[in-house]
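Visitor: Respectively, the protein sequence lines represent chains A and B. Counting from 3, one number per residue, gives the positions in the first sequence under the numbering used here. Counting from 147, one number per residue, gives the positions in the second sequence under the numbering used here. Idealized CB from N, CA, C, for every residue including glycine. For clarity, every value in this text was computed on a predicted model and none was experimentally measured. Just dropping this structure here.
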Amino acid sequence: MMSPTRTPDLVVDARAMLPPEPLERTLEALDALPEGGTLLLIIPRQPAPLYDMLVNNGYTYEVKTRDDGAFDILIRQADQAHGDG
Amino acid sequence: MATAELSFEQAPPLSVPLRFFYGAPIFLFLAALLMMFRFDQVFVSRWTPQTLALTHLVTAGFMLQVMLGALFQLMPVAAGANLWRPHWLVWPVHVGSFAGALGLAWGFYASHGAWLAAGGVLLTLAVLVFMLASALALLRTPARGPTVSALRLAVLWLGVTVAIGLSMAAARGGYLGLEPLQWSQLHVAGGLVGWGGLLVAATAYLVVPMFQLTPAYPAWFSRAFAWALAGALVLGAAATHPLAWIPAVVMVMGFAVMTLDRQRRRRRAKTDLTLSLWRQAMSCVLLGGGLSLLVLLGENDPRISVAAGVLVLYGAFVSLIAGMLYKIVPFILWLFLQPRLSQVPPMTRMLNQPLMRWHWWVHSGGLVMAGLAAFWSPMGLGAGVAIGAASLLLLAQLMRVGRHAQRALATLSQPS
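Structure (C-alpha cells):
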C-alpha cells in the first residue's frame with residue numbers, strides 16, 4: 003500500500019479542466035515524475051480511461067473520495083509501490 | 147459517487163459511430179435546400195407535403211443518424227450494454243436508416259405512396275434490428291442507474307414511434323385503411339419526448355457534469371424523471387383529449403430548467419461552444435414547450451405550431467446535437483489515438499476555434515430566421531441559406547478532426 007500521509011512530488015488539480023485535459027496533464031506530469039515519486043491527481047470524476055493507461059504503463063494508483071465529492075488519485079510506478087509493503 | 151463510471155475499453159470500433167456522425171449533416175443540408183427552394187410551402191403549415199419532408203429530413207434523417215451513432219458508442223461505454231458484433235450490426239442499421247430516411251422524405255415531398263412505403267419499411271427494418279440488439283444488451287447489462295433506465299425507456303419509445311410512423315406512411319400511401327392524422331400526436335410525442343427527450347436525459351446525466359463541469363443532477367431527479375415522463379406519455383396516449391399531453395410537456399420544460407440550473411452552477415467560468423449550444427437548446431425547449439402548451443390549450447393559429455416545431459426541432463435538438471458532436475467526435479478520436487501515439491494532438495487543436503464561432507453565429511441566425519419564417523415565409527429563404535451553411539461548417543469541422551487523427555496515425559506507419 004502507498005503511504006497516505008506522504009506529500010506527493012507533483013500535483014495535478016483537474017477540478018476546473020475539461021476532458022481530456024486532466025488526462026493530458028496527468029500523462030505529461032508522469033513523464034516528469036522523479037524516480038520513486040508520487041503524483042496526486044485531484045479530479046471531480048473517476049477517470050476511467052486513465053486507469054487503463056496507468057495499468058498498461060506500469061503504474062499503480064490509489065483512489066480516495068474527498069468531502070466535496072471529488073477524487074484524490076495517488077499514482078506511482080508499480081514496482082516502487084511493492085517496496086512500501 | 148457523483149457521476150457514473152464510464153468503461154472506455156468497451157467502446158466499439160471507431161468507424162461504427164463515425165459513419166453516422168459524418169453522414170448526418172447531409173440530411174441537414176438537404177433540409178436547408180428544401181427551405182431555400184420551397185420556403186413558400188414549408189413554413190405555412192405542419193401538414194404540407196414539403197413540411198413533412200422537411201420534418202423527416204431533420205428527425206428521421208439528421209437526428210436519428212446521430213442518435214443511433216451515439217448509442218452504438220454510449221450503450222457499451224456508459225451502460226455496460228455490449229451490442230452483439232457492432233461492426234456487423236452497424237451495416238443494416240446504417241444503410242437501412244440512411245436510405246429509409248431519404249426514401250421517406252422523398253415520398254412526402256413527391257406525395258408518392260410507393261416511396262413513402264419503401265422508405266418507411268427500410269427505416270423500420272433498420273430500427274427493428276437496432277432495437278432487438280439494444281434491447282438484448284440493455285436487459286443483460288448488470289449496470290443499474292438512471293442512465294440505464296432512461297435508455298431502456300427511450301429505445302421502447304423509438305419502437306412505438308416507428309411502428310406508428312410506418313402505419314401512418316402505409317395509410318398515406320393507400321396501403322392501410324387508417325386515419326393517419328388520428329395517430330400523429332402520439333407519433334410526435336413518442337418521437338420527440340419519449341425517444342428524443344429520454345435519450346437526451348440519459349446522455350445529459352453523464353455528459354453535462356463531465357463536459358461542462360457542473361454539479362451532478364440531483365439523485366431524486368435522475369431516478370424519477372424517465373419513469374415519470376414515460377408515465378405522462380402513457381397518460382397522453384390513453385386519454386383522447388389534447389390536454390392530457392400537458393404533463394409530458396411540462397416535465398420536459400422542467401428538465402430544461404434543471405439543466406440550465408446545473409449549468410449556472412458550473413465550476414468553470416469560461417464558456418465554450420458546447421455549453422452555449424446546450425443553453426440555446428434548453429432555452430428553445432422552454433420557448434417551444436410554451437408554444438406547444440398554447441396549441442394544446444386550443445390555439446389554432448398554424449403559425450404557432452410551425453414556430454413551436456422550429457424551436458423544438460432546430461432550436462433544441464439540432465443545437466444540442468451540434469454541441470455534442472463538437473465534444474464526442476474529438477474525444478473518441480483522442481481516446482483512440484492516446485494508447486497508440488506518444489504525442490497525441492491536444493483535443494482543442496483538432497477543431498478550428500474561429501470557424502466554430504462562425505458556425506455558432508450562422509446556426510443562431512438560421513434559427514432566428516426559421517422562427518420568423520413561421521410568421522413571414524420569405525424569411526425561410528434566409529433560414530435555408532444559413533442552415534445550409536451551418537450544416538457544411540459542422541461537416542467541415544468533423545472532417546478536420548478526422549484528418550488530424552489520420553495524419554497523427556500516419557506518423558506511426560512511416561519508417562523511422
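Sort out for me which residues DSSP pairs Q79 (chain A) with in a bridge.
Guide: A:Y61.
Visitor: List the DSSP bridge partners of L42 (chain A).
Guide: BP columns for L42 (chain A) point to A:V13, A:L76.
Visitor: Run through chain B and tell me which residues come within less than 7 angstroms of E26 (chain A), C-beta to C-beta.
Guide: Result: P492.
Visitor: How would you label S368 (chain B), buried or exposed, when you count the other beta carbons within 10 angstroms and need 16 or more for buried?
Guide: Label assigned to S368 (chain B): buried.
Visitor: In whole angstroms, give me the CA-to-CA distance for L143 (chain B) and G39 (chain A).
Guide: Within the shown structure, residues of chain B are numbered from 147 to 562, placing residue 143 (chain B) beyond reach of any answer.
Visitor: Measure how close the beta-carbons of V395 (chain B) and S330 (chain B) come, nearest whole angstrom, since I'm counting them as under 8 angstroms.
Guide: 16 angstroms between Cβ atoms; not a contact.
Visitor: Mind checking H233 (chain B): buried by the 16 CB within 10 Å criterion, or exposed?
Guide: Exposed, by the Cβ-count rule.
Visitor: With 16 as the cutoff for other CB atoms within 10 Å, does T494 (chain B) come out buried or exposed?
Guide: Result: exposed.
Visitor: Which residues bound the alpha helix (DSSP H) around G565 (chain B)?
Guide: The question about residue 565 (chain B) has no answer here: the residues shown for chain B are numbered 147 through 562.
Visitor: How should H240 (chain B) be labelled, buried or exposed, when 16 other C-beta atoms within 10 angstroms of its C-beta is the threshold for buried?
Guide: Buried, since its Cβ has 16 or more Cβ neighbours within 10 Å.
Visitor: Does DSSP classify K66 (chain A) as helix, strand or coil?
Guide: K66 (chain A): strand per DSSP, three-state reduction.
Visitor: If you draw a straight line from the C-alpha of G259 (chain B) to the C-alpha of G242 (chain B), how long is it?
Guide: Approximately 19 angstroms between the Cα atoms of the pair.
Visitor: Report yes or no: do three or more beta-carbon pairs, one from the segment 374-387 of chain B and one from the segment 422-438 of chain B, lie closer than 8 angstroms?
Guide: No, the segment 374-387 of chain B does not touch the segment 422-438 of chain B.
Visitor: Interface residues of chain A around S153 (chain B) at Cβ under 8 angstroms?
Guide: Chain A residues near S153 (chain B): A50.
Visitor: Establish whether the CB of R503 (chain B) and some CB of chain A are separated by less than 8 angstroms.
Guide: Not an interface residue.
Visitor: I need the straight-line Cα distance from P22 (chain A) to L176 (chain B), nearest angstrom please.
Guide: If you take the alpha carbons of P22 (chain A) and L176 (chain B), they lie about 34 angstroms apart.
Visitor: For T293 (chain B), which three-state DSSP category applies?
Guide: It is helical.
Visitor: Inspect the beta-carbon positions of L501 (chain B) and L471 (chain B) and report whether they are closer than 8 angstroms.
Guide: No, the Cβ-Cβ distance between L501 (chain B) and L471 (chain B) is not below 8 angstroms.
Visitor: What three-state label does DSSP hand F485 (chain B) in the structure shown?
Guide: Looking at the sequence itself, residue 485 (chain B) is Pro, so the reference to Phe does not match. P485 (chain B): coil per DSSP, three-state reduction.
Visitor: Do the CB positions of V465 (chain B) and V190 (chain B) come within less than 8 angstroms of each other?
Guide: The residue asked about is misnamed: residue 465 (chain B) is Ser in this sequence, not Val. It is not a contact, given that the beta carbons lie outside the stated cut-off.
Visitor: What three-state label does DSSP hand G71 (chain A) in the structure shown?
Guide: Of the three classes helix, strand and coil, the one that applies to G71 (chain A) here is coil, per DSSP.
Visitor: Under 9 angstroms, CB to CB, which of the residues in the segment 346-363 of chain B have a partner in chain A?
Guide: So the close ones are P355, M356, F357, Q358, L359, P361, A362.
Visitor: Which of the three DSSP states, helix, strand or coil, is assigned to A31 (chain A)?
Guide: Residue state, collapsed to three classes: helix.
Visitor: If you check the beta carbons only, do L513 (chain B) and Q543 (chain B) fall under 8 angstroms apart?
Guide: In this structure, Q543 (chain B) does not lie closer than 8 angstroms to L513 (chain B) by Cβ.
Visitor: How about R414 (chain B): is its C-beta nearer than 8 angstroms to some C-beta of chain A?
Guide: True, the Cβ-Cβ gap to chain A drops below 8 angstroms.
Visitor: My assumption, with CB atoms under 8 angstroms, is that Q219 (chain B) sits in contact with I478 (chain B). Please give the rounded CB distance.
Guide: Yes, Q219 (chain B) and I478 (chain B) are in contact; Cβ-Cβ is about 6 angstroms, under 8 angstroms.
Visitor: Measure the Cβ-Cβ separation of A247 (chain B) and G265 (chain B) and say whether it is below 8 angstroms.
Guide: Cβ distance < 8 angstroms, so A247 (chain B) and G265 (chain B) count as in contact.
Visitor: What does the alpha-carbon distance come out to for the pair N59 (chain A) and L555 (chain B)?
Guide: So the two alpha carbons sit approximately 20 angstroms from each other.
Visitor: Distance cutoff 8 angstroms, beta carbons only. Does P10 (chain A) sit that close to anything in chain B?
Guide: With 8 angstroms as the cut-off, P10 (chain A) does not count as an interface residue toward chain B.
Visitor: Run through DSSP, which three-state label would P22 (chain A) get?
Guide: Note: P22 (chain A) maps to coil in three-state DSSP.
Visitor: Quick check: the Cα distance between R17 (chain A) and I474 (chain B), rounded to an integer number of angstroms?
Guide: Going by the C-alpha atoms only, they are around 20 angstroms apart.
Visitor: Could you check whether A520 (chain B) and A453 (chain B) sit closer than 8 angstroms to each other, using their CB atoms as the reference points?
Guide: Yes, the Cβ-Cβ distance between A453 (chain B) and A520 (chain B) is below 8 angstroms.
Visitor: Considering only the beta carbon of each residue, do V14 (chain A) and R27 (chain A) sit closer than 8 angstroms?
Guide: Yes. Within cutoff.
Visitor: Answer with yes or no whether the minimum CB distance from R68 (chain A) to chain B is below 8 angstroms.
Guide: By this cut-off, R68 (chain A) is not an interface position.
Visitor: By the three-class DSSP mapping on this structure, what secondary structure does S438 (chain B) have?
Guide: Helix at S438 (chain B).
Visitor: Would you say R17 (chain A) reaches chain B, if we count a Cβ-Cβ gap shorter than 8 angstroms as a contact?
Guide: Yes, because at least one Cβ of chain B sits closer than 8 angstroms to the Cβ of R17 (chain A).
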